[in-house]
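Read the structure below first, then the notes.
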Amino acid sequence: MVLNAVYEQDFLDCSYGFRPGRSAHDALEELRKDAMSLGGGHVLELDIKKCFDVLDHGHLRTFLDKRVRDGVIRKAIDKWLKAGVLEAGTISHPETGTPQGGVVSPILMNIYLHEVLDKWFVQEVRPRLHEEAYLKRYADDAVMVFCSKVDADRVMEVLPKRFGRFGLTLHPEKTGLIRFTRPGPGNRGSGSFDFLGFTHYWARSRKGNWVVKQKTAKDRFSRALKRIGQWCRTHRHWPVSEQHRLLSLKLRGHAQYYYIRGNSSAVSRFYHEVRSIWRKWLNRRSQRSRMTWERFTRLRKMYPFPAPKLARS
């Protein structure tokens, strides 16, 4: 709580996650607006390898020296950093990283990347660029949007050196530059990119204008369905009423994150797939009593799933 109070006045507008009033939905909406204001351009996706596990304690203490000098707080932070990790009955004491599941880990990671990435981009990089560019970072996930490919290439070249200086590594296969241009006369447009579980792409609005839309990313969609299938299989012998109650909670949680403007079709498809999965495993409860579609239709009327509500208007 103390660290949040100290650093909230320092953190920049480009950072989101583990901050009051700066949710993933806020980051997604601002990213969409910035991409549209540029008319597209080039998007640099950043993926930091095991960010929470490799934060250098020496650099972190140097960053903290700038703003936090209270001995009690620093001693508590040091204890957190030195806390052991219990794996398979064995305790280890890693020399890097922040404690997994520790309440202090998110703010320490935000402090680290505030110094390594946010301030560097806003104060040193952007003033040297030829055209407009934006950074959006949510915890350890980040994207940069550039109007100019020349600027994007320059930043892409120096990024590994910048991160390497502070003990961080960019994933070579998940970090890359994507052309993300608005379609127009003689230009079919190109590219899409993923950020925070959503695929961003150009499409026509109801008024016929080209806009950036966001839909559930394929890997997140399939991963969520896989978890639902595993749950239905494990709990297929539970009372139907209890299965329905818990599935309803899972669907509500999915919609609370993924049901944003322009993504209603993906959410509806998810609901449809969940119904099919549920019927599949109800059908395997017994070899004597089959769950036909007719029976399942009657059951759905008895146990309807809650209609999804728009997470953000």
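Straight run, no breaks: the sequence shown in my numbering ends on number 347. Backbone N, C-alpha and C define an ideal beta-carbon position, used for all residues, glycine too.
Query, Result
"If you measure between the beta carbons of LYS325 and ARG313, is that distance less than 8 Å?", "A quick correction: the sequence has Met, not Lys, at residue 325. Yes, the Cβ-Cβ distance between MET325 and ARG313 is below 8 Å."
"I'd like the list of long-range same chain contacts for GLU129, defined as Cβ closer than 8 Å, with 5 residues on each side in sequence excluded.", "HIS91"
"Given a cut-off of 8 Å on the beta-carbon distance, is the pair HIS234 and VAL246 in contact?", "yes"
"Keeping to the same chain, check which residues put their C-beta closer than 8 Å to that of SER282; ignore five residues upstream and five downstream.", "PHE339, PRO340"
"Taking C-beta to C-beta, are TYR146 and PHE97 nearer than 8 Å?", "yes"
"For ASP185, count the other beta carbons within 10 Å of its own beta carbon; 16 or more makes it buried, fewer makes it exposed. Which is it?", "buried"
"Residues bridged to SER224 by DSSP?", "THR215"
"Nearest to GLY131 by alpha carbon, out of LYS252, ALA300, ASN38, VAL88?", "VAL88"
"If I measure Cβ to Cβ from SER224 and keep anything under 8 Å in the same chain, skipping five residues before and after, which residues do I get?", "ARG213, PHE214, THR215"
"Let's test the definition: count the other Cβ atoms within 10 Å of the Cβ of TRP327 and tell me whether it reaches 16, buried, or not, exposed.", "exposed"
"How long is the line joining the alpha carbons of VAL36 and GLY135, rounded to whole angstroms?", "19 Å"
"Enumerated in chain order, which unbroken segments of the beta strand (DSSP E) with a length of 3 residues or greater are wholly contained in the region 63-97?", "74-81"
"List, from N- to C-terminal side, the beta strand (DSSP E) runs of 3 residues or more that fit wholly inside the region 94-180.", "119-121, 124-126, 167-172, 175-180"
"Among all the DSSP beta bridges, which residues are the ones paired with THR250?", "PHE232"
"What residues in its chain sit with their C-beta under 7 Å from that of THR209, if we drop five residues either side in the sequence?", "GLU79, LEU80, ASP81"
"Do the region 162-182 and the region 54-65 make contact, defined as three or more Cβ pairs closer than 8 Å?", "yes"
"Are the CB atoms of PHE200 and HIS278 within a distance shorter than 8 Å?", "no"
"Suppose you measure from the CA of GLU307 to the CA of PRO194; what does that come to, to the nearest Å?", "41 Å"
"Can you name, in chain order, every residue of its own chain whose Cβ lies under 7 Å from the Cβ of ARG318, other than the five neighbours on each side?", "ARG270"
"Going straight from the alpha carbon of LYS153 to that of ARG295, what length do you get?", "32 Å"
"Going by C-alpha distance, which of SER256, GLN290, LYS100 is nearest ILE311?", "SER256"
"With distance defined between alpha-carbon atoms, name the residue in SER302, PHE227, TRP114 nearest to LEU259.", "SER302"
"Taking PRO217 as the reference, give the member of CYS266, ASN144, TYR293, ASN243 with the closest Cα.", "ASN243"
"Taking only runs of the alpha helix (DSSP H) that begin and end inside the region 248-289, which ones reach a length of at least 4 residues, in chain order?", "252-268"
"Going by C-alpha to C-alpha distance, which of TYR291, LEU72, VAL102, ALA58 sits closest to ASN38?", "VAL102"
"According to the Cβ coordinates, are VAL138 and ILE111 closer than 8 Å?", "yes"
"Would LYS83 and THR203 qualify as a contact pair, given that the criterion is a beta-carbon distance under 8 Å?", "yes"
"Our contact map puts ALA251 next to TYR291 with C-beta atoms below 8 Å; I'd like the distance itself, whole angstroms only.", "Between TYR291 and ALA251 the Cβ distance is about 12 Å, and since that is not below 8 Å, they are no contact."
"Where does the unbroken alpha helix (DSSP H) through PRO194 begin, and where does it stop?", "183-199"
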